[in-house]
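First the structure, in the form of structure tokens, and then the observations on it.
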Amino acid sequence: MLSATSVTAFFLLFLNFVVGDLDAGIIPKQWENLELHRTIDVSRSYSQELIDIRIKNIHNEPVRQYYFVLTEEVFDTISLFSSTLKGVDAYIESAIMPEQNFVANGQTIKVGVVSLPSPIEPGHETSLLLNLVYNSKYQPYPGHVDLGEEQKLLLRTNRFPISAYDTQKYTLEFQGSSSFEELQSLNGEETAETASNGKMVIGPFDSIMPYQDFSPIDVVFEHNSPLPRVSHLKRDIWVSHWASSLQFEEYYELINDAAPLKSGFSRADYMKGQLALKKGGHLTALEMILPDSSEAHYCTDLVGAVSTFKVLKDHFFLKPRFPLFGNWKYNFTVGWTNQLSQFLHSQEDGSDTYILSFPVLNGPSDTVYDNVSLSVYLPEGAEVMDVWCPLPVQKTEVTAERSYFDLNQGHTKVNIELKNLIDRIAASEAFVRYKVTSKALYKKPFSIAVSVFTALVAYFSLKHISLMIDS
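As numbered in mature numbering (1 follows the signal peptide of the UniProt record, and there is no 0), residues -20 to -1, 1 to 451 make up the sequence shown, in order.
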């Protein structure tokens, strides 16, 4: 008989050679969920889900891998997936298999793998904490609001756990709002739910089979705040060894996903109600945290320079030209400069090799990002040796792009494509290791000097040529 480790290894190896969807029934049934408590926090513009699971090894061999199931809707918008042992402040290895689809009860699902620090013996138990952060795309309820009206949102999620294992006891909890309301209870019957202290608890439910029920639950809650979403962020970072500076420039395509206005916008009613000073679904200002000691700040939009911004230490406050109500958009560009020494480190072996570390995001708080294009422009002639980003990367590409006074091949450009990011990962840093020799650094100014000298010689030479026709 194959051991549990061999079964798991064979299963993961098998997936590498499979094309197409697989039946979820092939996932090894080595665990049992004794208790599963699922908490969904709706206090921000995205959903934060904490899943507390007490599991038991029901196999006859020690088991280390636990398979966690995600619906396709959650997988498409997931930003973070992590796991810890309960009571231990340390992350354990976990990952989602993005390429392989599974099918359970006619529904497409994805599977994540949690690797425990050590195998669990047969009959023994352990507890896991799984953290999921994703853009659940809240829907305004009932759809539109009047100017100044409080906003309610609708969240749709699965009522029961979509698990590969039997679940003995299950509870669903919502938190992060002052009020919750379930639109329709299960089968038109009353369910065991309580609402207190800004929480709503549904359950407990007993004896749930694997993939038993994909039925959704619709919950309406108060959320009188904007829902900022950046559909596209173009973040450019320019490295200059000559100026010893690092220049940041960010272009935002911002949308507020809050409830749209019923009858349009009235500036008079907005001013009369002093809505700029009141909390609501409209967005009146943005706050960004920049690197320390930043300088030379600027902001522009499609109209021109924006003067309604202020910098206090490392905080950048921007007031758009107009308040952003539901479904309103605003495109703008911000930029600043830092000293290169804050981010660049040279290797001490004298190999002209440098390591550049920089934050992935510096954007507004409580914001989701659909697509992020992160570009680093290195000096001409730089050779990229390694690129590392702690987040799932869609694509990494190294090319060359010409800029001002580029007379040769242009700046070396490192482009990193990301998606489904949130403001919480702003502390994450990406790294680029590259090599640029002194010869490559001096090549550009030398080329410029030669070009200017050639142009001057040509000018004086042409000036002394007489084009007059003698009579």
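All C-beta atoms, glycine included, are put in the ideal place defined by N, C-alpha and C. Since the model is a prediction, treat every value here as computed from it, not as a measurement.
Which one of the options has the shortest CA to CA distance from residue i?
i      : options                           : result
GLN192 : PRO208, TYR145 and THR151         : TYR145
TYR118 : ALA380, SER243, ARG413 and ASN204 : ASN204
THR333 : GLU101, LEU358 and LEU16          : LEU358
PRO120 : GLU129, VAL113 and LEU112         : GLU129
PRO42  : MET365, ALA406, GLY103 and SER157 : GLY103
PRO184 : TYR150, TYR250 and LEU371         : TYR150
SER74  : ASN81, SER246 and VAL91           : VAL91
TYR231 : ASP366, GLY67, VAL352 and ASN395  : VAL352
GLU15  : PHE289, PRO141, SER23 and ALA410  : PRO141
ASP272 : CYS369, PHE338 and MET77          : PHE338
ASN85  : SER27, ASP1, ARG24 and HIS17      : ASP1
LEU354 : VAL340, GLU202, VAL364 and SER211 : VAL340
ARG215 : ILE402, ASP294 and GLY315         : GLY315
GLU79  : GLY67, GLU52 and CYS279           : GLU52
ILE35  : GLY156, VAL364, VAL94 and ILE405  : VAL94
ILE31  : SER98, VAL113, PHE55 and MET77    : VAL113
VAL348 : GLU29, ARG247, LEU207 and LEU298  : LEU207
ASP294 : PHE160, THR57 and LEU270          : LEU270
PRO97  : MET77, VAL364 and VAL68           : VAL68
Given residue i, which residues of its chain have a CB within under 6 Å of its CB, disregarding the five upstream and five downstream residues?
i        : result
TYR310   : LEU234, PRO300 and LEU304
LEU(-19) : Note that LEU(-19) scores a pLDDT of 48, beneath 50, so its modelled location is shaky; the value from the coordinates is reported in the next line. Excluding sequence neighbours, LEU(-19) sits near nothing in its chain.
LYS259   : ASN204
THR376   : VAL367 and ILE396
SER326   : TYR334
TYR278   : GLY315
VAL432   : none
Would you mind giving the Cβ-Cβ distance between residue i and residue j, rounded to the nearest angstrom? I have them listed as a contact below 8 Å.
i      : j      : result
LYS399 : ASP350 : 6 Å
ASP403 : SER345 : 5 Å
LEU336 : VAL219 : 7 Å
THR19  : GLN227 : Incorrect: roughly 43 Å between the Cβ atoms, too far for contact.
Quick check: the Cα distance between residue i and residue j, rounded to an integer number of angstroms?
i           : j      : result
ALA285      : SER59  : 33 Å
GLY390      : THR379 : 9 Å
GLY306      : ILE38  : 51 Å
VAL416      : GLU153 : 55 Å
GLU12       : THR147 : 6 Å
LEU266      : ALA256 : 13 Å
GLU105      : ARG44  : 12 Å
VAL283      : ASN115 : 31 Å
MET189      : TYR47  : 15 Å
residue 452 : GLY343 : Nothing about residue 452 can be reported from this structure: the residues present for the chain run from -20 to 451 only.
GLU275      : ASN318 : 6 Å
LYS290      : ASN81  : 48 Å
PHE440      : SER383 : 29 Å
ASP198      : LEU134 : 7 Å
ALA172      : ASN111 : With a pLDDT of 43 at ALA172, under the threshold of 50, the predicted position of this residue should be treated as unreliable, and no value is reported.
ARG413      : MET268 : 27 Å
GLU101      : GLN10  : 11 Å
TRP308      : GLU409 : 31 Å
PHE302      : PHE245 : 11 Å
HIS17       : TYR26  : 20 Å
ALA362      : SER107 : 49 Å
SER62       : PRO370 : 13 Å
PRO99       : ASP186 : 27 Å
SER158      : GLY261 : 16 Å
residue 453 : SER23  : Examination of residue 453 is not possible in this model, given that the chain is present from -20 through 451 alone.
Can you give me the Cβ contacts of residue i inside the same chain, cut-off strictly under 7 Å, excluding the 5 residues immediately before and after it?
i      : result
THR64  : ALA70, TYR71, ILE72 and LEU109
VAL49  : ILE89, VAL91, ILE142, SER143 and ALA144
LEU324 : TYR334 and LEU336
Using a threshold of 6 Å, is the CB atom of residue i nearer than that to any non-hydrogen atom of the ligand NAP?
i     : result
SER74 : No copy of the ligand NAP appears in this structure; indeed no ligand is present at all.
In chain order, what residues of the same chain have a beta carbon less than 8 Å from the beta carbon of residue i, not counting five sequence neighbours either side?
i      : result
GLU381 : TYR357, GLY390, HIS391 and LYS393
VAL437 : none
SER195 : ASN138, ARG139, PHE140 and LEU166
MET251 : none
Legend entry - Sufficient close CB pairs (3 or more, under 8 Å) joining the stretch 237 to 255 to the stretch 119 to 128: yes
Legend entry - the stretch 216 to 223 / the stretch 177 to 188 touching (three or more Cβ pairs under 8 Å): no
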